[in-house]
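Keeping their order, the protein sequence lines are chains A and B. For what it's worth, our numbering labels the leading residue of the first sequence as 826, then goes sequentially. For what it's worth, our numbering labels the leading residue of the second sequence as 30, then goes sequentially. From the three backbone atoms N, C-alpha and C, an ideal C-beta is built for every residue, glycine too. Please read all numbers here as calculations on a predicted model, not as lab measurements. Here the structure is laid out as structure tokens; the discussion comes afterwards.
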Amino acid sequence: MNIFRLAGDLSHLAAIIILLIKIWKTRSCAGISGRSQVLFAIVFITRYLDLFTNFISAYNTAMKVFFLGSSIGTVYLMYLKFKATYDHNHDTFRIEFLLLPTALLSLVLNHEFSVMEILWTFSIYLESVAILPQLFMVSKTGEAESITSHYLFALGSYRGLYILNWIYRYYFEGFYDIIAIVAGCVQTILYCDFFYLYITKVLKGKKLQLPA
Amino acid sequence: STPTSSKDEL
Chain A
826 MNIFRLAGDL SHLAAIIILL IKIWKTRSCA GISGRSQVLF AIVFITRYLD LFTNFISAYN
886 TAMKVFFLGS SIGTVYLMYL KFKATYDHNH DTFRIEFLLL PTALLSLVLN HEFSVMEILW
946 TFSIYLESVA ILPQLFMVSK TGEAESITSH YLFALGSYRG LYILNWIYRY YFEGFYDIIA
1006 IVAGCVQTIL YCDFFYLYIT KVLKGKKLQL PA
Chain B
30 STPTSSKDEL
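Have a look at this one:
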């Protein structure tokens, strides 16, 4: 564990908590892409299958349980409890265009051709593009509530901090995982234009408005 | 040898 990975995990935790607060407090999931939340639930389910078979630390297990529970809980809140507030019209990104290519790629590009390894690889590839429906929805609605932009900033920062963690582990542990690194870079790059808008607008108290 | 995949990470 290093400070970058801890900061990344805490940023990820903060993002999920911000999202849950937003949905619970406003009793609405307006502006949130249910499709991205479904993809995140798939990412955690396929990645944390070793939850019971491969104990790493109490921290690791606790975070995995929280991420699994909160992502499935968010899907429940969006598609069942607050279904009436879910914005179907703007959440239209075709997620099969994300699921199929990442599934095929995980069968071809992986460290080991075993079920667990391929599912982990699929989860890594899927996570790198899972935010696309959400970013697409923000571009379609042309704006986002400030709490939603804080959620996106924390979520985008988490994998960016993981890149620093991978640089740290390469130099100090001689360790690197090219699949996680490439996917993590793609994932972080997808947030760049949002990061620019967040820093130039939201931090100045303005609402996140995308140029129409 | 260094592990090839980062399973200790979240």
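Among A:Lys908, A:Ser853, A:Trp945, which has the Cα closest to the Cα of Ile867 (chain A)?
If we check each option's Cα against that of Ile867 (chain A), A:Trp945 comes out closest.
Does the CB of Thr31 (chain B) have a neighbour CB from chain A at under 9 Å?
Residue confidence is low: Thr31 (chain B) scores 48 on pLDDT, short of 50, so the model does not pin down where it sits. Its coordinate-derived value is still stated next. Interface residue (Cβ-Cβ distance to chain A less than 9 Å): Thr31 (chain B) is classified as such.
Going along chain B, which residues have a C-beta under 7 Å from Arg830 (chain A)?
Ordered by position in chain B, the residues that pass the 7 Å Cβ test against Arg830 (chain A) are Glu38.
Roughly how many angstroms lie between the CA atoms of Lys1031 (chain A) and Gln862 (chain A), to the nearest whole one?
So the two alpha carbons sit approximately 26 Å from each other.
Proximal residues of chain B, C-beta to C-beta of Lys889 (chain A) below 9 Å
Neighbours of Lys889 (chain A) on chain B, chain order: Leu39.
Could you tell me the distance, in whole angstroms, from the CA atom of Leu845 (chain A) to the CA atom of Tyr1023 (chain A)?
If I take the Cα positions, the gap works out to 20 Å.
Would the beta-carbon of Gln1012 (chain A) fall within 9 Å of that of Glu952 (chain A)?
Yes, Cβ-Cβ distance for Gln1012 (chain A) and Glu952 (chain A) is below 9 Å.
Buried or exposed: where does Cys1017 (chain A) fall if 16 or more other Cβ atoms within 10 Å of its Cβ makes it buried?
The residue is exposed, with fewer than 16 neighbouring Cβ atoms inside 10 Å.
Alpha carbon to alpha carbon, what distance is there between Lys908 (chain A) and Lys965 (chain A)?
Those two C-alpha atoms are separated by around 20 Å.
Name, please, each residue of chain B whose Cβ falls closer than 8 Å to the Cβ of Ile843 (chain A).
Residues of chain B passing the Cβ test: none, with the nearest at roughly 18 Å.
Interface flag, Tyr1016 (chain A) vs chain B, CB-CB below 9 Å
It does not: the Cβ of Tyr1016 (chain A) has no partner Cβ on chain B nearer than 9 Å.
For Ser939 (chain A), does the count of other Cβ atoms within 10 angstroms reach 16, so buried, or fall short, so exposed?
Exposed.
I'd like to know whether the C-beta of Asp916 (chain A) is nearer than 9 Å to at least one C-beta of chain B.
Answer no: the Cβ-Cβ gap between Asp916 (chain A) and chain B never drops below 9 Å.
Are Ile848 (chain A) and Ile842 (chain A) close, meaning C-beta to C-beta below 9 Å?
No.
Glu968 (chain A) bridges to which residues according to DSSP?
Answer is A:Gln1034.
Between the alpha carbons of Thr899 (chain A) and Phe997 (chain A), how many angstroms are there, rounded?
A direct Cα-Cα distance of roughly 37 Å separates Thr899 (chain A) from Phe997 (chain A).
Quick check on Tyr987 (chain A) - is its C-beta less than 9 Å from some C-beta in chain B?
Interface residue, yes.
Cβ-based burial, Ala1005 (chain A) [other Cβ within 10 Å; buried from 16]:
So Ala1005 (chain A) counts as buried.
Would DSSP call Ala839 (chain A) helix, strand or coil?
The DSSP-derived three-state label of Ala839 (chain A) is helix.
Buried or exposed, going by whether 16 or more other CB atoms sit within 10 Å of the CB of Ser30 (chain B)?
Note that Ser30 (chain B) scores a pLDDT of 40, beneath 50, so its modelled location is shaky; the value from the coordinates is reported in the next line. The residue in question, Ser30 (chain B), is exposed, as its Cβ has fewer than 16 Cβ neighbours within 10 Å.
Out of curiosity, what's the CA-to-CA distance linking Cys854 (chain A) and Gly999 (chain A)?
Straight-line Cα distance between these residues: approximately 43 Å.
6 Å Cβ shell around Ser948 (chain A) - same chain, five flanking residues per side excluded
Answer for Ser948 (chain A): Val868, Thr871, Arg872, listed in chain order.
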